[in-house]
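Participant: Count along the sequence shown from 1, then add 428; that gives the number in this note's numbering.
Have a look at this one.
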Amino acid sequence: MGRYVIRRLLQMIPVFIGATLLIFLMVNVMGDPIAGLCGDKACDPATKAQLSKEFGLDKPVWQQYLTYMGNVFTGDFGTAFNGQKVTELMSTAFPVTIRLTIVAILFEIVVGITLGVITGLRRGRPIDTTVLLLTLVVISIPTFVTGLLLQLLLGVKWGWIEPAVSTEATFSELIVPGLVLASVSLAYVTRLTRTSIAENKRADYVRTAIAKGLPRRRVITRHLLRNSLIPVVTFIGADVGALMGGAIVTERIFNIHGVGYQLYQGILRQNTQTVVGFVTILVLVFLAVNLIVDLLYAVLDPRIRYA
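Here is the structure:
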């Protein structure tokens, strides 16, 4: 196991470099950060030259990238164009988005897997058909429509929640935004769990466990569920990074100042330091979660061993 972890960590190095290089090139080559600083009016040549020198934008792109990566390894993600350190923005944005992601993942695990198990064990029955139709509806509706509809009904019309999340962004305030963020993924988790349970229910090891007289609950939890959760865990693990980076719409709707909000502001203002810095952390999060998911395979299925 130790050798496998070391090998995976070494494999992460070129992936991390390649992903950050791609993002850095896309942001710096395809955009004009100086134009974003000057607003609607074009910068005069003297101001543009001064700003380019101040932020190191007058150097070749490869040199900018090497400088940036060298600063990253010392914990310096640069300075936003408003003069604020990117690390300061991260310290306020990431805790909020992490709480939002935790709420969304809990919805996926608790609600999605529970519904998937119930429908998988009762395949073809009315409850199975009803859940399949509901999940199909959820998948078909865009997230911004679901968010705006819940905000209008629960926040404005019925007054059950605050239409906008406060600056503290407590877990209680993030329940509805977390549900909105997780809605599509929750539907996929439900359908994936259902399919996996229904397929494994006919496997030989399940029939053998039933023939031995094991209690139904033990057959489901110790044998059927553990093997059926492997593809579900893979999906949820990949979804963690997607939820953190894809929360732009949800955070905009509920006025949550998290990672999505900062990325939106950085893209809108062409603030390259902010965008590249936040994406760099998201890449690290995605790589770490994928490693944890791979290690969880051995926990779910004892037959899996890593050399």
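In this text, a Cβ means the ideal position worked out from N, Cα and C, and glycines have one as well.
The structure presented is a predicted model; accordingly, all values stated were derived computationally and were not measured.
Inspect the beta-carbon positions of T574 and S624 and report whether they are closer than 7 Å.
Facilitator: Here residue 574 corresponds to residue number 146 of the sequence shown, with the count starting at 1. Here residue 624 corresponds to residue number 196 of the sequence shown, with the count starting at 1. Contact flag unset, no.
Participant: May I have the straight-line CA-CA distance separating V711 from A477, to the nearest angstrom?
Facilitator: By 1-based counting over the sequence shown, the position of residue 711 is 283. By 1-based counting over the sequence shown, the position of residue 477 is 49. Roughly 32 Å separates the two Cα atoms.
Participant: First and last residue of the alpha helix (DSSP H) that includes E516?
Facilitator: Taking the first residue of the sequence shown as position 1, residue 516 is located at position 88. Note, E516: alpha helix (DSSP H), 514–534.
Participant: Go through its chain and collect everything with a Cβ distance to L449's Cβ below 8 Å, but skip five positions before and after it.
Facilitator: Reading the sequence shown from its first residue, position 21 is the one you call residue 449. For L449, where only same-chain residues beyond five positions count, the Cβ hits under 8 Å are Y493.
Participant: Just to check my reading of the structure: V687 and F572 have Cβ atoms closer than 8 Å, yes? What is that Cβ distance to the nearest angstrom?
Facilitator: Working through the sequence shown from its first residue, we reach residue 687 at position 259. Working through the sequence shown from its first residue, we reach residue 572 at position 144. Rounded, the Cβ-Cβ distance is 17 Å, inconsistent with contact.
Participant: Pull up the distance between the alpha-carbon of N683 and that of T520, whole angstroms please.
Facilitator: What you label residue 683 is simply residue 255 of the sequence shown in a count that begins at 1. What you label residue 520 is simply residue 92 of the sequence shown in a count that begins at 1. Their backbone Cα atoms lie some 14 Å apart in a straight line.
Participant: Could you give the DSSP three-state label for T708: helix, strand or coil?
Facilitator: Stepping through the sequence shown from its first residue, residue 708 is reached at position 280. Correct three-state label for T708: helix.
Participant: Please classify G740: is it buried, with 16 or more other beta-carbons within 10 angstroms of its beta-carbon, or exposed?
Facilitator: Nothing can be reported for residue 740, as the shown portion of the chain is limited to 429 through 735.
Participant: Along the chain, where does the alpha helix (DSSP H) containing A639 start, and where does it finish?
Facilitator: The residue given as residue 639 occupies position 211 in the sequence shown. That run of the alpha helix (DSSP H) goes 632–639.
Participant: Quick one: is P591 buried, meaning 16 or more other Cβ sit within 10 Å of its Cβ, or exposed?
Facilitator: Walking along the sequence shown from the start, residue 591 turns up at place 163. Counting Cβ neighbours within 10 Å, P591 comes out exposed, since fewer than 16 surround it.
Participant: In whole angstroms, give me the CA-to-CA distance for H651 and Y633.
Facilitator: If you number the sequence shown from 1, residue 651 lands on position 223. If you number the sequence shown from 1, residue 633 lands on position 205. Roughly 8 Å between the two C-alpha positions.
Participant: Is the Cβ-Cβ distance between T547 and V559 less than 7 Å?
Facilitator: In the sequence shown, residue 547 corresponds to position 119, counting from 1. In the sequence shown, residue 559 corresponds to position 131, counting from 1. Taking 7 Å as the Cβ cut-off, T547 and V559 qualify as a contacting pair.
Participant: I'd like to know if the stretch 700–715 and the stretch 501–511 are in contact, where contact means that at least 3 CB-CB pairs between them fall below 8 Å.
Facilitator: The stretch 700–715, when compared against the stretch 501–511, does touch it at the 8 Å Cβ threshold.
Participant: From the DSSP output, in three-state form, read off T618 for me.
Facilitator: In the sequence shown, the residue the question calls residue 618 occupies position 190. Residue state, collapsed to three classes: helix.
Participant: Is it a yes or a no for the stretch 643–663 touching the stretch 578–590, going by three-plus beta-carbon pairs under 8 Å?
Facilitator: No, the stretch 643–663 is not in contact with the stretch 578–590.
Participant: Starting from S656, follow the alpha helix (DSSP H) in both directions and report where the run begins and ends.
Facilitator: The residue given as residue 656 occupies position 228 in the sequence shown. Segment 653–673, the alpha helix (DSSP H) holding S656.
Participant: Buried or exposed, going by whether 16 or more other CB atoms sit within 10 Å of the CB of F501?
Facilitator: Position 73 of the sequence shown holds residue 501. The residue is exposed, with fewer than 16 neighbouring Cβ atoms inside 10 Å.
Participant: Within the same chain, show all residues whose beta-carbon is closer than 7 Å to that of A604, passing over the 5 residues directly before and after it, in chain order.
Facilitator: To locate residue 604, count along the sequence shown from 1; it is residue 176. Looking at the sequence provided, one finds Val at residue 604 rather than Ala. Here the set comprises L578, L582, I589.
Participant: For the ligand GTP, any of its heavy atoms closer than 6 Å to the Cβ of S600?
Facilitator: The ligand content of the structure shown is nil, which means the ligand GTP is not present either.
Participant: Who does T507 pair with in a DSSP beta bridge?
Facilitator: Taking the first residue of the sequence shown as position 1, residue 507 is located at position 79. Partner(s): K513.
Participant: Answer yes or no: do A631 and R551 have a C-beta to C-beta separation smaller than 7 Å?
Facilitator: Mapped onto the sequence shown, residue 631 falls at position 203. Mapped onto the sequence shown, residue 551 falls at position 123. No, Cβ-Cβ distance for A631 and R551 is not below 7 Å.
Participant: Would A637 be called buried (16 or more neighbouring beta carbons within 10 Å of its own) or exposed?
Facilitator: Taking the first residue of the sequence shown as position 1, residue 637 is located at position 209. Per the 10 Å Cβ criterion, buried.
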